[in-house]
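Residue numbers (the numbering used here): 1 to 559.
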């Protein structure tokens, strides 16, 4: 129970004797709390405000019946009703007597506590209650009364009025909350009914679609029991819906997509491509599996794969046979051209020596093409062998550079190396690494004009440069023509050749970089290129350190 100090409880006192009204004033003011006396203040419409035992009261004194009734009416209309009224029952007789006042103000405010003040002994309480009901809001006090008795009436009736007012307010708030909550529940129920109807329509549409779709549809609940199958699923699973619905269906367990075997009446099972997605079915979590029969497609794919393998095998046999048949006459040509060029068959003129040099270059180019064809075929058939061992890259790079220095000097290109003496050993196949270096350096010389330079470098890799720990980094950089960024990945493709202006730069089959990528990949490394037109190119590849691959030679022994 609480009281708003800005709205004191209001008291009405009605008596036709001015002296008695003044006595009421003095008694009420004398009860003012000493601790609260400083808070006493005038009120714009009432005479005084007092505080008694922590309760604030505002009292109005009226000597005329009409003024009292008007005060109550105004208070009710302003929503500031009186809590209690003290009435002299022996007001002047007539229409405006004390009984008339009580009846009038009771009609205006049924909650007002009326205290009848009388100085006689002839008061008929029963008759009075009948005239001014209800009985629990009618009291009386006998004149003369003690001031303390008046103050006790004020405190008791004020506490009761405030408690009833708080209770009424709480009841109104509760009713308001109940109405608001009822409206919220009604709205929620309407929304729920709408959602249920929409779900029903959605499921009905899904049933219609799945019935007409050509793919098999199976819906299982969260316990992996079938709750719906479409006609296509009945045909694919070769069982009617009555035998499937309600039964466990483990085919979808743990799958999101992939292929499954579907038992059939024949010895060979059917193959289905399945995709699984979570859905809601009849308001509960479920899983929808879409199955497409790919049995014939798989059989055709397997037949194509077998045919492709057979073709590769035939091509490998053909290339092996052709290369063997070509290598013998090429070796003879190479041998006799060397004899003639060395002057063993007699003195040569300058023109003859030039012709023999051109012949030797073409013989060596043809031998390189045959070797590339054989290596590319071994890559495609999985027969490319890698036999790794610890490699001193400094010695290997120096040996390769020495073998190509004459070609570099003839073209007027500087061929340099940058390899630290303390470079760790690499782990790889020295012949295959040599093959990669010869190809990369040869390409650099091919695309670098006179006066340019080619630099071969090697270093220990570091994560800061994007190299995994335990790998060495080898680079072949040139100051040549370069190539556009869109060719960075394509130059490693099978049979791809970068565009070049001169025919000499386009010599070859476009297999060299493809073979380099496969060789480095078989070593567990990576190879990539960086270039800009007119600014040269850099080809980089990584190889594992020897200690990194210790105990794992079998990983590279055969691919």
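Even for Gly, the Cβ is constructed at its ideal location relative to N, Cα and C.
- The three-state secondary structure of residue 220, taken from DSSP, is strand.
- Residue 406 carries a helical assignment under DSSP once its states are collapsed to helix, strand and coil.
- Excluding the 5 residues flanking it on each side, residue 338 has same chain C-beta neighbours closer than 8 Å at 360, in chain order.
- Contiguous beta strand (DSSP E) elements confined to the segment 422-483 occur at 426-428, 453-460, 471-478, taking only those with 3 or more residues.
- In this structure, the CA atom of residue 362 is about 33 Å from the CA atom of residue 309.
- Within the segment 131-211, the complete beta strand (DSSP E) runs of at least 3 residues fall at 138-142.
- Taking a contact as a CB-CB distance under 8 Å, the pair residue 539 and residue 529 counts as one, their CB atoms being some 5 Å apart.
- Annotated three-state conformation of residue 275 is strand, per DSSP.
- Look at residue 24 here: in three-state DSSP terms it is helix.
- Following the DSSP letters along the chain, one finds residue 390 inside the beta strand (DSSP E) bounded by residues 389-391.
- Note that the C-beta distance between residue 215 and residue 290 is below 8 Å.
- Taking all protein chains in view, the Cβ of residue 446 is crowded by 16 or more other Cβ atoms within 10 Å, so the residue is classified as buried.
- Beta bridge pairing from DSSP links residue 547 with no other residue.
- The beta carbon of residue 148 is closer than 8 Å to none in its chain, skipping five residues each way along the sequence.
- Within the DSSP bridge table, the entry for residue 305 names no partner.
- A direct Cα-Cα distance of roughly 54 Å separates residue 299 from residue 407.
- Rounded to whole angstroms, the gap between the alpha carbons of residue 432 and residue 302 is 34 Å.
- In the structure shown, residue 528 adopts extended strand secondary structure according to DSSP, grouped into three states.
- Assigned with DSSP and collapsed to three states, residue 514 falls in helix.
- Contact between the segment 64-71 and the segment 187-194 is absent, with fewer than three C-beta pairs closer than 8 Å.
- When 131, 262, 144 are compared, the shortest CA-CA separation from residue 23 is found for 144.
- By DSSP's assignment, residue 260 forms a beta bridge with 272.
- When rounded, the separation of the alpha-carbon atoms in residue 525 and residue 426 is 11 Å.
- Here residue 110 carries a coil assignment [DSSP, helix/strand/coil].
- For residue 126, the three-state secondary structure derived from DSSP is helix.
- Contact between the segment 6-17 and the segment 127-137 is absent, with fewer than three C-beta pairs closer than 8 Å.
- By the beta-carbon neighbour count (other beta carbons within 10 angstroms, threshold 16), residue 102 is buried.
- With 16 or more other Cβ atoms from the protein chains shown falling within 10 Å of its own Cβ, residue 88 counts as buried.
- Per the Cβ contact rule, the segment 483-492 is not in contact with the segment 412-427 (fewer than 3 Cβ pairs under 8 Å).
- For residue 229, the secondary structure class from DSSP, reduced to helix, strand or coil, is strand.
- DSSP places residue 344 outside both helix and strand once states are collapsed to three, so it counts as coil.
- DSSP places residue 86 in the uninterrupted beta strand (DSSP E) bounded by 84-88.
- Assignment of beta-bridge partners to residue 349 by DSSP yields no partner.
- Here the C-alpha atom of residue 448 lies approximately 29 Å from the C-alpha atom of residue 522.
- With a cutoff of 8 Å on beta-carbon distance, residue 64 and residue 11 are scored as not near each other.
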